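Below is one structure, written out as structure tokens; comments come after it.
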Amino acid sequence: MYDYGWSELERLWRAARTVAGEIVGVSGQADVVEAARMLATDTGSRVDADDVVGWLRDRLDWTLERVDGTAFLLPADIREVDIVVPRAAKGVVYYTPGAPDGSVRSKIVWTLPAGATSVPTWQELTSLHHEGVPGHHLEHAVNRANTSLHPWQRYLCEIHGYAEGWAHYSEALSDELGLLRTPAERLGMLLGQLWRTVRIVADIGLHTGRPVRRNEVTDRTEWTPEIARDFLVHYGLVDPATARFEVDRYLGWPGQALAFKVGAKLWDEARTASGASALDFHTRALALGPMGLAPLRDSLLHDSMKEDA
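Under the numbering used here, the first residue of the sequence shown is numbered 143, with each subsequent residue one higher.
Written out as structure tokens, the structure is:
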């Protein structure tokens with residue numbers, strides 16, 4: 143997995159620099175930070191804070207129309223989700239599934255930092271795909287509608303490798319499904335992928351003593367919390383305060399943050415192995431319900447082998 147993390151870091155960084163070239167208008171690769179600075183002043187890549195709820199709802203509805211019947215079989219009640227945009231000290235985005243008895247609806251919560259007057263939609267759209275559709279909300283809605291599952295799987299099961307892996311897989315899938323409209327939105331998705339990839343090399347490196355490999359951040363070969371934070375700032379354009387929190391998280395909860403990228407890797411590899419269309423694979427795979435990655439791998443690959451036979 144450490145090898146995979148470094149190869150992904152190189153692949154995604156090349157892709158991000160190529161998209162940055164499209165944004166700044168040069169042939170080939172360009173500085174990602176320069177592209178981000180240009181987008182910071184581009185009014186077409188931002189939305190006023192007062193309009194965030196409408197933008198999120200419009201984009202979610204458009205996304206549902208795009209994927210319905212082409213990549214997923216959507217449950218009838220999937221549009222029954224509230225979008226809540228409170229203010230807080232720091233902006234975070236998260237999803238809460240609805241109550242099993244229907245007394246509380248599912249929510250996508252999009253917290254705006256206190257004082258923020260606008261939101262960089264190009265950078266934040268990938269969070270909507272992660273928390274909403276095709277990510278957490280879609281997965282939970284499918285589980286709730288699947289009466290063949292045990293109630294524990296339908297309503298209570300929260301295995302990070304499965305759920306966060308699915309949501310992270312959904313971020314990259316959004317590009318394939320045509321849910322990213324501009325190079326700027328594609329760059330935002332790639333930065334999110336880079337953030338989760340840095341987790342792999344930093345988490346494993348900090349806890350196992352594996353050496354830092356060739357990179358653009360440091361010549362040192364021994365991981366430290368400071369180097370891990372610098373990696374997040376450089377490759378994911380994560381702000382320094384968030385980078386500090388992230389590295390403290392890795393140190394305090396080893397392996398948890400890896401669930402995003404490790405789970406996504408399994409979803410992607412299983413789909414490739416199946417050879418099925420997006421619609422067929424997603425329908426069959428999500429019907430299995432939440433489970434650990436080992437039984438999920440066995441179930442998905444077993445189904446593929448049966449079809450080949």
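Glycine included, each C-beta is placed from N, C-alpha and C at the ideal position.
Every value quoted in this text rests on a predicted model; they were computed, and no experiment measured them.
Taking the C-alpha atoms as reference points, what is the distance between residue i and residue j?
i      : j      : result
His349 : Ala218 : 45 Å
Ser260 : Glu273 : 20 Å
Asn288 : Arg439 : 20 Å
Glu368 : Leu333 : 20 Å
Trp148 : Thr339 : 8 Å
Asp190 : Ile165 : 22 Å
Leu215 : Ile346 : 37 Å
Leu154 : Val209 : 25 Å
Pro228 : Ile342 : 32 Å
Gly351 : Gln335 : 24 Å
Leu206 : Ser290 : 24 Å
His282 : Leu430 : 12 Å
Ala451 : Gly378 : Only weak support exists for where Ala451 lies, its pLDDT of 45 falling under 50; the value from the coordinates is given anyway. Taking the straight line joining both Cα atoms gives about 43 Å.
Specify, as a first and last residue, the run of the beta strand (DSSP E) that residue i falls within.
i      : result
Pro262 : Ser260 to Pro262
Tyr237 : Val235 to Thr238
Name, in chain order, the residues that DSSP records as bridge partners for residue i.
i      : result
Ala230 : Pro255
Ile423 : The question names Ile, but residue 423 is Phe in the sequence shown. Phe423 is not bridged to any residue.
Arg201 : Arg201 pairs with nothing; no bridge assigned.
Val189 : Val261
Ile165 : Ile165 pairs with nothing; no bridge assigned.
Ile225 : Ile250
Asp210 : Phe214
Please report the residue range of the alpha helix (DSSP H) in which residue i lies.
i      : result
Val245 : Reading the sequence as shown, one finds Ser at residue 245 and not Val. No alpha helix (DSSP H) contains Ser245, which DSSP labels as neither H nor E.
Leu181 : Val174 to Ala182
Does the region 305 to 316 come into contact with the region 239 to 249, if we say contact requires no fewer than three beta-carbon pairs (one atom in each stretch) closer than 8 Å? no
Indicate whether the contact test is met: 3 or more Cβ pairs, each with one atom in the region 350 to 361 and one in the region 173 to 188, closer than 8 Å. no
contact_flag[the region 417 to 427, the region 387 to 404] where n(CB pairs < 8 Å) is 3 or more: no
Ranges of the alpha helix (DSSP H) found wholly within the region 343 to 408, counting only runs of at least 4: 367 to 378 and 382 to 394
The region 221 to 237 touching the region 156 to 172, judged by at least three CB pairs closer than 8 Å: no
Run through the region 257 to 311 for me and flag every whole beta strand (DSSP E) of 3 or more residues, listed as ranges in chain order. 260 to 262
So, does the region 401 to 413 touch the region 365 to 380, judging by three or more C-beta pairs under 8 Å? no
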